[in-house]
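To start, the structure under review is shown below, and the notes come after it.
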Amino acid sequence: MYARSGLLSQRSCSSHGRECATPVLAAQRRNNSTATKIAVEFDQSTGVAVMRLQGPPVNSLSLDFLTELCINVEKLEMDKNCRGLILTSSQPKVFSAGLDIMEIYGKSPERCGEFWRAVQEMWLKLYGSSMVTIAAINGSSPAGGCLMSMTCDYRIMADNPRYSIGLNETQLGIVAPFW
Ligand SMILES: CCCC/C=C/CC(=O)SCCNC(=O)CCNC(=O)[C@H](O)C(C)(C)COP(=O)(O)OP(=O)(O)OC[C@H]1O[C@@H](n2cnc3c(N)ncnc32)[C@H](O)[C@@H]1OP(=O)(O)O
1 MYARSGLLSQ RSCSSHGREC ATPVLAAQRR NNSTATKIAV EFDQSTGVAV MRLQGPPVNS
61 LSLDFLTELC INVEKLEMDK NCRGLILTSS QPKVFSAGLD IMEIYGKSPE RCGEFWRAVQ
121 EMWLKLYGSS MVTIAAINGS SPAGGCLMSM TCDYRIMADN PRYSIGLNET QLGIVAPFW
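Residues 1 to 179 (full-length UniProt numbering) make up the sequence shown, in order.
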């Protein structure tokens, strides 16, 4: 859900000197899901948007989730009044459980390729954003969740010893492909 209307961009985006190969239309084409996993509130008076991840139970990053995230980041990017983005979770105890492992387990190379491209698109969009981006990490954030927060300009994590963060994916035998 996005509180304001906005046209989707067809341009290529420049990301820290590089060109992103995957503009928002690629994400939009994939976005067949009607369920809303991302809620965005934009405060016109401050120019700051809050993006809440609301994919129960643990905000795992499925293809649909990544697609919706990218579309919403792109919409905000296009809005010149939006200067800042706070990324946080609506789910209790978890910021994001990382990549949805069911998206890569037992799937075809083509499907895995599509999924990993969506992962890349997500981090390039956040890392290359011209908005000031802040991850408000209000729960555990392993692997892909950690990656997502690392691509933000700033990270603030709730002080709770039960919340963990880090790159644990090799423990699952998952290695990110070359990008
Ligand atoms: C250079 C960087 C490259 C980036 C690469 C990234 C690779 C990855 O991201 S691989 C995924 C890594 N993630 C994990 O290892 C997280 C594993 N999960 C957890 O540690 C915990 O689930 C949690 C701390 C996130 C939450 O714990 P909590 O006790 O609250 O909930 P659970 O009962 O454990 O889980 C609820 C439910 O969610 C399912 N689930 C958890 N994580 C994932 C996931 N990553 N993908 C898909 N599904 C996940 C879990 O199986 C439970 O499902 P059921 O209720 O059906 O049993």
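Ideal Cβ placement from N, Cα and C applies to all residues, glycine included. This structure is a prediction, so every number in the text was calculated from the model and none was measured.
Can you grab the Cα-Cα spacing for the pair M51 / L87, in whole Å? By 1-based counting over the sequence shown, the position of residue 51 is 51. By 1-based counting over the sequence shown, the position of residue 87 is 87. The alpha-carbon atoms of M51 and L87 are separated by roughly 5 Å.
Residue from V94, C82, M157, A39 with nearest C-alpha to S60: Mapped onto the sequence shown, residue 60 falls at position 60. Checking every option, the nearest Cα to that of S60 belongs to V94.
When the Cα of Q171 is compared with those of I101, I38, Y154, which residue comes out closest? Looking up residue 171 in the sequence shown gives position 171. For the residues I101, I38, Y154, the minimum Cα distance to Q171 belongs to I101.
With DSSP run on the structure shown, which of helix, strand or coil describes M157? In the sequence shown, residue 157 corresponds to position 157, counting from 1. Of the three classes helix, strand and coil, the one that applies to M157 here is strand, per DSSP.
For the region 157-166 against the region 111-120, are there 3 or more C-beta pairs whose distance is under 8 Å? no
What does the Cβ neighbour count give for N168, buried or exposed, with the cut at 16 atoms within 10 Å? Start at 1 with the first residue of the sequence shown, and residue 168 comes out as number 168. Exposed: under 16 other Cβ atoms inside 10 Å.
Whole-angstrom distance between G173 and Y105, CA atom to CA atom: As a working mapping, residue 105 is identified with position 105 in the sequence shown. As a working mapping, residue 173 is identified with position 173 in the sequence shown. As the crow flies, the alpha-carbon of Y105 is around 11 Å from that of G173.
Own chain residues within Cβ distance below 6 Å of L99, not counting five before or after: As a first step, residue 99 is located in the sequence shown; it is residue number 99 there, counting from the start. L61, G144, listed in sequence order.
If you pair each beta-carbon of the region 117-135 with each one of the region 67-74, do three or more pairs fall below 8 Å? yes
Which residues mark the beginning and the end of the beta strand (DSSP E) in which E103 is found? Translated into the one-based positions of the sequence shown, residue 103 becomes position 103. Neither: E103 is in no beta strand (DSSP E) and is coded neither H nor E.
4 or more residues per run - each alpha helix (DSSP H) lying fully within the region 72-158: 109-127, 144-150
In this structure, how does DSSP classify F65 when only helix, strand and coil are distinguished? Residue 65 sits at position 65 when you count from the first residue of the sequence shown. Helix.
Suppose the cutoff is 6 Å on Cβ atoms and the five residues either side in sequence are ignored; what does the same chain contact list for G55 look like? For the purposes of this step, residue 55 is taken as the residue at position 55 of the sequence shown. Excluding residues within five positions, the ones whose Cβ falls inside 6 Å are K37, F65.
Contact set, ligand 1 heavy atom to C-beta under 6 Å: Here the list is P57, V58, S60, K93, V94, A97, G98, L99, D100, I101, M102, S140, P142, A143, G144, L147, L167, N168, E169, L172, I174, A176.
For P92, count neighbouring C-beta atoms within 10 Å of its own C-beta (all shown protein chains included) and say buried if the count is 16 or more, exposed if not. Locating residue 92 in the sequence shown gives position 92, where the first residue counts as 1. Classification of P92: exposed, given that the 10 Å Cβ count is below 16.
For L53, report the span of its beta strand (DSSP E) as first-last. Sequence index remark: in the sequence shown, residue 53 carries index 53 (1-based). First-last of the beta strand (DSSP E) with L53: 48-53.
Could you name the residues that DSSP lists as bridge partners for G173? Taking the sequence shown and counting its residues from 1, one reaches residue 173 at position 173. Answer by DSSP bridge pairing: none, since G173 is not bridged.
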